[in-house]
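Letter 132 of the sequence shown, counting from 1, is numbered 132 in UniProt numbering, and no numbers are missing.
Working notes, beginning with the structure itself.
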Amino acid sequence: MEILDLYDVTGNKTDQTMVRGTKPPKGFYRRKITIGIFNDKEEMLIQKVSQERKYWTGMWTPSVSGSVSTGETSQLTASREAKEELGLNIDFSDIRPAFTINFSEGFDDFYLIKKEVKIEKLVLQKEEVAEVKWATKQQIIDMIKTGEFLPFHFEIIDLMFLLKDEQGSYRFKK
Numbered sequence: 001m002e003i004l005d006l007y008d009v010t011g012n013k014t015d016q017t018m019v020r021g022t023k024p025p026k027g028f029y030r031r032k033i034t035i036g037i038f039n040d041k042e043e044m045l046i047q048k049v050s051q052e053r054k055y056w057t058g059m060w061t062p063s064v065s066g067s068v069s070t071g072e073t074s075q076l077t078a079s080r081e082a083k084e085e086l087g088l089n090i091d092f093s094d095i096r097p098a099f100t101i102n103f104s105e106g107f108d109d110f111y112l113i114k115k116e117v118k119i120e121k122l123v124l125q126k127e128e129v130a131e132v133k134w135a136t137k138q139q140i141i142d143m144i145k146t147g148e149f150l151p152f153h154f155e156i157i158d159l160m161f162l163l164k165d166e167q168g169s170y171r172f173k174k
């Protein structure tokens, strides 16, 4: 049984907790993370959810995702999930989320990193991840349209690809 911290409406951690898989009480929220790992070919590493999972089985998702467990920061969860799901040692302690999306039950912190990863060297957590591959933005959008990828808003995928190189809301010429 995994225990999750609960947060207030502004995202501040409270002294309340909940059991994963249940709904947060009214006025409280949970936190999760999503990681987009990008290569130099303008592709994102995506994973197919294992048939052993309860949710989204057989669907493709961004590189890594997971719930923030009790006592963890978002950054610690990102590091832990990258290690558990893909066998990658990535220190997120000094990395801020590129953006955070509110959803009905909480907050989703999106981390975007550039890292050349050799798929054959990854150690997949078979209970969570069936397979991984690189995909372009258009391939991911096409997979959303055909129901193969989680039903993300296309604009979120666009934003992930946009902000992988430069964070912030302003566009500066280089």
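Just so you know, even glycine gets a beta-carbon here, dropped at the ideal spot from N, CA and C.
Val117 has its alpha-carbon roughly 11 Å from the corresponding atom of Glu43. Between Leu88 and Phe38, the CB-CB gap reaches or exceeds 8 Å. Out of Tyr7, Arg80, Asp91 and Pro62, the CA that lies nearest to the CA of Ile35 is found in Pro62. Looking only at Ser50, Glu84, Val19 and Ile33, the smallest Cα-Cα distance to Phe107 is reached by Ile33. In the DSSP assignment, Glu81 falls within the alpha helix (DSSP H) that extends over Ser74 to Leu86. Boundaries of the alpha helix (DSSP H) harbouring Asp142: Lys137 to Lys145, taken from the DSSP string.
Assignment of Met59 by DSSP, reduced to helix, strand and coil, places it in the coil class.
Phe99 sits close to Leu163, with the two beta carbons spaced by under 8 Å. Distance from the Cα of Phe161 is smallest, within the candidate group Ser69, Gln139 and Asp8, for Gln139. Across the set Gly21, Val19 and Gly27, the C-alpha of Gly27 shows the shortest separation from the C-alpha of Asn12. Residue burial annotation: Glu81 is buried, with at least 16 other C-beta atoms found within 10 angstroms of its C-beta. For the options Glu72, Val132 and Gly168, the alpha carbon positioned closest to that of Ser50 is the one of Val132. The shortest CA-to-CA distance from Trp134 to any of Glu128, Lys145 and Leu122 is the one to Leu122. If you draw a 10 Å sphere on the C-beta of Glu85, you find 16 or more other C-beta atoms in it, and that means buried.
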